[in-house]
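Have a look at the structure below before the remarks.
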Amino acid sequence: MTDWKALAAARCPDIPSDAVERIVPSLEKLEAAFRPLAAQLTEDVEAAVVFTNVAGGER
Amino acid sequence: MKIEDLARRLRARVVSAVELAQESLRRIHAEQPHLNAFITITDELALTQARQADEDFAKGIDRGPLQGIPYALKDLFRTRGVRTTGGTKIYADHVPDYDCAVYEKLRAAGAVLMGKTGLHELAYGVTSNNPHYGAVRNPHDPSRIPGGSSGGSGAAVAAGMVSFAMGSDTGGSIRIPAAYCGCVGFKPTYGVVSRYGTMPLGGSLDHMGPMTQTARDSALVMRAIGGFDLRDGSSVVGALNWESGRDSLKGLRVGVPENFYGARVCPEVADAFSQALKRAEAAGAGLIPVRAPDPEAINVIGRIILMSEASALMERYEDRRADFGADVLALLDQGRLLAAADYINAQRLRTKMRGEWDAVWSQADVIFTPTAPILAPLIGQTEVEWQANNKETEGEDVRLATTRFVRAINVLGLPAVSIPLKKSGLPAGLQIIGRGFDDARVLAVAGLMEG
Chain A
3 MTDWKALAAA RCPDIPSDAV ERIVPSLEKL EAAFRPLAAQ LTEDVEAAVV
53 FTNVAGGER
Chain B
2 MKIEDLARRL RARVVSAVEL AQESLRRIHA EQPHLNAFIT ITDELALTQA
52 RQADEDFAKG IDRGPLQGIP YALKDLFRTR GVRTTGGTKI YADHVPDYDC
102 AVYEKLRAAG AVLMGKTGLH ELAYGVTSNN PHYGAVRNPH DPSRIPGGSS
152 GGSGAAVAAG MVSFAMGSDT GGSIRIPAAY CGCVGFKPTY GVVSRYGTMP
202 LGGSLDHMGP MTQTARDSAL VMRAIGGFDL RDGSSVVGAL NWESGRDSLK
252 GLRVGVPENF YGARVCPEVA DAFSQALKRA EAAGAGLIPV RAPDPEAINV
302 IGRIILMSEA SALMERYEDR RADFGADVLA LLDQGRLLAA ADYINAQRLR
352 TKMRGEWDAV WSQADVIFTP TAPILAPLIG QTEVEWQANN KETEGEDVRL
402 ATTRFVRAIN VLGLPAVSIP LKKSGLPAGL QIIGRGFDDA RVLAVAGLME
452 G
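Note that the protein sequences, when read in sequence, are chains A and B.
In terms of this note's numbering, the first sequence has 17 at position 15, counting the first letter as 1, and numbering is strictly consecutive.
In terms of this note's numbering, the second sequence has 85 at position 84, counting the first letter as 1, and numbering is strictly consecutive.
This is the structure:
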């Protein structure tokens with residue numbers, strides 16, 4: 003499992019340590035629920051991210 | 002008052018659009034100190050648009066059933082020249098120089114904008130307890146939340162300030178306030194209503210839709226705001242047929258999930274839901290037990306997608322930590338720590354789950370669930386207590402309880418509506434879910450369930 007405190011210190015040092023302390027339990031629960039789901043994926047499953055090759059979009 | 006009724010009265014010259022706007026403004030100003038449903042009230046603009054609607058009527062120009070009807074926009078729909086805050090201090094002074102697609106269409110339909118409604122900061126939460134613009138309050142009990150994030154829109158419709166209001170729904174944000182405030186809230190199929198010019202939160206999950214007093218009114222608004230828009234990359238080509246052809250529930254296959262949606266539901270909601278199923282059956286619908294493919298897993302997938310997308314969008318403001326409310330900042334911080342691989346895998350799981358849900362539609366035409374397992378929580382309440390099997394209580398975060406039955410539907414992009422489930426006490430909602438692009442049927446069934 004991820005060491006969220008170490009990750010935050012390395013990647014987002016602007017997040018104060020007390021703020022990290024508060025969010026770690028939520029991230030741990032989320033990761034514990036997500037890892038077994040991701041482990042079921044087979045290589046043929048494509049991501050549902052949309053790319054549209056047209057002009058336009060947000061101004 | 003209902004759009005349908007007002008549209009008739011306007012055409013019979015029983016009332017004018019200016020009179021409707023004046024009455025709407027009177028109610029808004031009277032309720033604003035108690036409910037705080039609006040961030041901006043557009044008095045002058047409303048009267049100008051109402052006069053235009055009356056002039057058009059006088060010339061015989063009829064732009065459809067929304068002409069002259071008072072409405073409100075959640076304050077993340079950009080409106081040229083009218084401040085659009087997104088409920089955040091970051092955009093407190095943002096005055097757009099263009100209109101979002103929905104406002105373009107509603108102006109073309111002759112509807113009359115009364116103002117911009119309050120919301121949870123950035124639409125990133127379900128309480129509408131906004132640290133910058135104040136808490137929006139529930140018209141049925143002002144000590145309680147209206148739900149969110151479209152809380153101001155729900156309160157404004159439920160309190161009769163406007164005939165309809167627009168909301169956005171990323172993880173239940175139209176359906177939740179509809180359930181807690183006692184009105185109708187419709188989330189269309191993803192891609193049916195243009196997101197152009199709205200402030201995004203989680204682009205692949207954001208849906209725009211109406212909040213109204215009846216399902217028929219929602220259908221009227223959808224006819225005006227739906228349709229392809231080249232400026233929105235997710236917009237779907239082709240118009241939906243809004244004629245469902247259904248005038249009774251006879252023969253309708255109503256899927257009733259055997260799993261997930263019956264656990265940890267408060268007795269008032271469970272009882273009202275059970276009564277609704279009986280009404281549907283008595284009206285000729287068949288109740289079909291179905292197994293909903295893992296909504297709990299889809300909720301997890303949805304949270305990872307939302308946190309990743311929202312944090313990516315707001316990354317440019319990460320040096321303004323003091324300007325965000327504590328709850329939103331905590332979510333943005335979490336999203337910054339998630340890995341790109343987790344986001345991609347969540348989107349891959351989304352594809353997989355969508356495929357599994359496709360099979361459900363061979364068994365059922367629509368699915369009924371409660372919209373939320375609880376009634377509107379008190380402002381400031383953070384946990385719901387549930388009786389566990391061992392007779393001890395266990396707490397659940399109010400935000401997770403509130404979104405438990407609705408978030409998965411955003412991940413799947415399906416149409417869903419919440420309609421009032423009970424007539425007395427605090428409101429609760431019946432959620433009716435349909436297969437993709439079956440929006441007309443969902444609203445038709447909702448209308449028949451309203452009676």
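Where a beta carbon is used, it is the ideal one built from N, C-alpha and C, also for glycine.
Discussion item. So that I know if they touch, is there some Cβ in chain A lying closer than 9 Å to that of V137 (chain B)?
Written reply: Residue 137 (chain B) sits at position 136 when you count from the first residue of the second sequence. Closer than 9 Å: no.
Item to complete: Report the residue ranges of all alpha helix (DSSP H) runs contained in full by the stretch 152-228 of chain B; include only those spanning at least 4 residues, in chain order.
Response: 152-159, 176-182 and 216-226
Worksheet item: For S425 (chain B), which of helix, strand or coil comes out of DSSP?
Response: Position 424 of the second sequence, counted from the start, is the residue given in the question as residue 425 (chain B). Coil at S425 (chain B), not helix or strand.
Discussion item. Starting from I433 (chain B), trace the alpha helix (DSSP H) in both directions and tell me its first and last residue.
Written reply: If you number the second sequence from 1, residue 433 (chain B) lands on position 432. No alpha helix (DSSP H) holds I433 (chain B); the beta strand (DSSP E) holding it covers G430 to G435.
Item to complete: Grab the span of the alpha helix (DSSP H) containing G303 (chain B) for me, first residue to last.
Response: Start at 1 with the first residue of the second sequence, and residue 303 (chain B) comes out as number 302. Here the alpha helix (DSSP H) through G303 (chain B) covers P296 to M315.
Worksheet item: So L350 (chain B) and L39 (chain A) are in contact, right, with Cβ under 8 Å, and what is the actual spacing, rounded?
Response: Reading the second sequence from its first residue, position 349 is the one you call residue 350 (chain B). Reading the first sequence from its first residue, position 37 is the one you call residue 39 (chain A). Right, their Cβ atoms sit about 6 Å apart.
Worksheet item: Excluding sequence positions up to five away, which residues of its chain have a Cβ less than 8 Å from the Cβ of R321 (chain B)?
Response: Here residue 321 (chain B) is taken as the residue at index 320 of the second sequence, counted from 1. Excluding positions up to five away in sequence, the list reads I91.
Worksheet item: Can you list the residues of chain B that D16 (chain A) reaches, using a CB-CB cut of under 9 Å?
Response: Taking the first sequence and counting its residues from 1, one reaches residue 16 (chain A) at position 14. Chain B residues near D16 (chain A): E319, D320 and R322.
Practice prompt. Report the partner residues of Q388 (chain B) according to the DSSP bridge assignment.
Written response: Along the second sequence, read from residue 1 onward, the residue named residue 388 (chain B) stands at position 387. Answer is B:T394, bridged to Q388 (chain B).
Practice prompt. Determine, using beta carbons only, whether S25 (chain B) comes closer than 9 Å to chain A.
Written response: The residue you call residue 25 (chain B) lines up with position 24 of the second sequence. Output row for S25 (chain B): interface = no.
Worksheet item: Nearest to G149 (chain B) by CA position, among B:V238, B:V127 and B:A157, is which residue?
Response: Taking the second sequence and counting its residues from 1, the one referred to as residue 149 (chain B) is at position 148. G149 (chain B) has its Cα closest to that of B:V127, out of B:V238, B:V127 and B:A157.
Item to complete: Would you list, in sequence order, the uninterrupted beta strand (DSSP E) runs of no fewer than 3 residues that lie entirely inside the stretch 96-163 of chain B?
Response: 113-118
Worksheet entry | R254 (chain B) vs V367 (chain B) beta-carbon contact at 9 Å | Here residue 254 (chain B) refers to the residue found at position 253 of the second sequence. Here residue 367 (chain B) refers to the residue found at position 366 of the second sequence. In contact: R254 (chain B) and V367 (chain B) (Cβ atoms closer than 9 Å).
Worksheet item: What separation, rounded to the nearest whole angstrom, lies between the Cα atoms of E60 (chain A) and D100 (chain B)?
Response: Here residue 60 (chain A) refers to the residue found at position 58 of the first sequence. Here residue 100 (chain B) refers to the residue found at position 99 of the second sequence. Reliability fails at E60 (chain A), whose pLDDT of 41 lies under 50, so the model's placement of it is uncertain and the value that follows must be treated cautiously. Going from the Cα of E60 (chain A) to the Cα of D100 (chain B) covers about 12 Å.
Fill in: Bridge partners - K75 (chain B), DSSP secondary structure assignment
The residue you call residue 75 (chain B) lines up with position 74 of the second sequence. K75 (chain B) is bridged to B:T118.
Worksheet item: In chain order, which alpha helix (DSSP H) runs of at least 4 residues are fully inside the stretch 40-72 of chain B?
Response: 44-59
Worksheet item: Relative to chain A, which residues along the stretch 407-434 of chain B have a C-beta separation below 7 Å, given in chain order?
Response: none
Worksheet entry | Residues, ordered as in the chain, of the stretch 8-37 of chain A that lie near chain B by beta-carbon distance below 8 Å | L9, A10, R13, C14, D16, I17, A21, V22, R24, I25, S28, L29, L32, A35 and F36
Discussion item. Can you check which of these residues, B:V194, B:E20, B:Q276 and B:T213, is closest to A156 (chain B) by C-alpha distance?
Written reply: Position 155 of the second sequence, counted from the start, is the residue given in the question as residue 156 (chain B). Residue B:T213 is the option with its Cα nearest to A156 (chain B).
Worksheet item: For F369 (chain B), which beta-bridge partners are listed by DSSP?
Response: For this step, residue 369 (chain B) is matched to residue 368 along the second sequence. According to DSSP, F369 (chain B) bridges with B:I433.
Worksheet item: Rounded to a whole number of angstroms, what is the C-alpha to C-alpha distance between N131 (chain B) and L120 (chain B)?
Response: Here residue 131 (chain B) refers to the residue found at position 130 when the second sequence is read from its first residue. Here residue 120 (chain B) refers to the residue found at position 119 when the second sequence is read from its first residue. Going from the Cα of N131 (chain B) to the Cα of L120 (chain B) covers about 7 Å.
Fill in: Closest Cα partner of T199 (chain B) within the set B:S205, B:M209 and B:T190
One-based indexing of the second sequence puts residue 199 (chain B) at position 198. The option with the nearest alpha carbon to T199 (chain B) is B:M209.
Worksheet item: Are R52 (chain B) and V19 (chain B) close, meaning C-beta to C-beta below 9 Å?
Response: Indexing the second sequence from 1 puts residue 52 (chain B) at position 51. Indexing the second sequence from 1 puts residue 19 (chain B) at position 18. Yes, the pair counts as a contact, with Cβ atoms nearer than the cut-off.
Worksheet entry | Cβ-based neighbour list, G285 (chain B), same chain, cut-off 7 Å, excluding 5 preceding and 5 following | Position 284 of the second sequence, counted from the start, is the residue given in the question as residue 285 (chain B). Cβ neighbours of G285 (chain B) beyond the five flanking positions: S249, L250, K251 and G252.
Worksheet item: Looking at the structure shown, is S419 (chain B) part of a helix, part of a strand, or coil, going by DSSP?
Response: If you number the second sequence from 1, residue 419 (chain B) lands on position 418. S419 (chain B) falls in the strand class under three-state DSSP.
Worksheet entry | Inter-residue Cα distance where the pair is G204 (chain B) and V418 (chain B) | Taking the second sequence and counting its residues from 1, one reaches residue 204 (chain B) at position 203. Taking the second sequence and counting its residues from 1, one reaches residue 418 (chain B) at position 417. Straight-line Cα distance between these residues: approximately 20 Å.
Worksheet item: By a C-beta neighbour count over all protein chains shown, 10 Å radius and 16 as the cutoff for buried, is K75 (chain B) buried or exposed?
Response: Stepping through the second sequence from its first residue, residue 75 (chain B) is reached at position 74. The residue in question, K75 (chain B), is buried, as its Cβ has 16 or more Cβ neighbours within 10 Å.
Discussion item. I need the straight-line Cα distance from C182 (chain B) to P428 (chain B), nearest angstrom please.
Written reply: As a working mapping, residue 182 (chain B) is identified with position 181 in the second sequence. As a working mapping, residue 428 (chain B) is identified with position 427 in the second sequence. Straight-line Cα distance between these residues: approximately 6 Å.
Practice prompt. Compute the Euclidean distance between the alpha carbons of Y191 (chain B) and A365 (chain B), then round it to the nearest angstrom.
Written response: Reading the second sequence from its first residue, position 190 is the one you call residue 191 (chain B). Reading the second sequence from its first residue, position 364 is the one you call residue 365 (chain B). Cα-Cα distance, rounded: 20 Å.
Discussion item. In the DSSP output, what is R254 (chain B) paired with across the bridge?
Written reply: Counting from one through the second sequence, the residue named residue 254 (chain B) turns up at place 253. DSSP output for R254 (chain B) lists B:G287 as bridge partner(s).
Practice prompt. Measuring only between beta-carbons, confirm whether T352 (chain B) sits less than 9 Å from chain A.
Written response: Here residue 352 (chain B) refers to the residue found at position 351 when the second sequence is read from its first residue. Yes, T352 (chain B) lies at the interface with chain A (some Cβ there is under 9 Å from its Cβ).
Worksheet item: Leaving out the 5 sequence neighbours to the left and right, which residues in its chain are closer than 6 Å to C267 (chain B) when beta-carbon positions are compared?
Response: As a first step, residue 267 (chain B) is located in the second sequence; it is residue number 266 there, counting from the start. Hits under 6 Å: I375.
Item to complete: Kindly indicate which three-state DSSP category T352 (chain B) falls into: helix, strand or coil?
Response: Here residue 352 (chain B) is taken as the residue at index 351 of the second sequence, counted from 1. If DSSP states are grouped into helix, strand and coil, T352 (chain B) belongs with the helices.
Discussion item. Three Cβ pairs or more, each shorter than 8 Å: is that satisfied between the stretch 38-58 of chain B and the stretch 107-124 of chain B?
Written reply: yes
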